[in-house]
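This report refers to the structure that appears directly beneath it.
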Amino acid sequence: VVVPDRVGCCGVAGDRIFFFPELNESALSELRDGLPAGCRSGYSSSRACEIGLSLQSGLPYQSIAYLVDRCTTRKG
């Protein structure tokens, strides 16, 4: 699990990303640089945050429920 330094909030604020995208851009301006090389995906507990994080990181973010499912599903 990686929580990038200097990134505390995605700045989406619910539906505000659709009206004020600059809030998200500013809040996550250091996100890409804070992710380690090889990072391929991200998870969030908020759908609105997933949208903002995906836009600013260039990585697919999805619900933490998908990670729980992936880690608890038996293989084979």
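Residues in the sequence shown are numbered consecutively from 27, following our numbering. Every residue gets a Cβ at the ideal spot worked out from N, C-alpha and C, and that includes glycine. Since the structure is predicted, the reported quantities are computational estimates derived from the model, not experimental observations.
Item: Bridge partners - GLN88, DSSP secondary structure assignment; Value: TYR69
Item: Opening and closing residue of the alpha helix (DSSP H) in which GLY64 lies; Value: Run containing GLY64: none; DSSP gives neither H nor E here.
Item: Which of helix, strand or coil DSSP assigns to ASP59; Value: helix
Item: Where GLY102 falls, given that 16 or more other Cβ within 10 Å makes a residue buried; Value: exposed
Item: VAL29 versus SER83, PRO47 and THR98, residue with shortest Cα-Cα distance; Value: SER83
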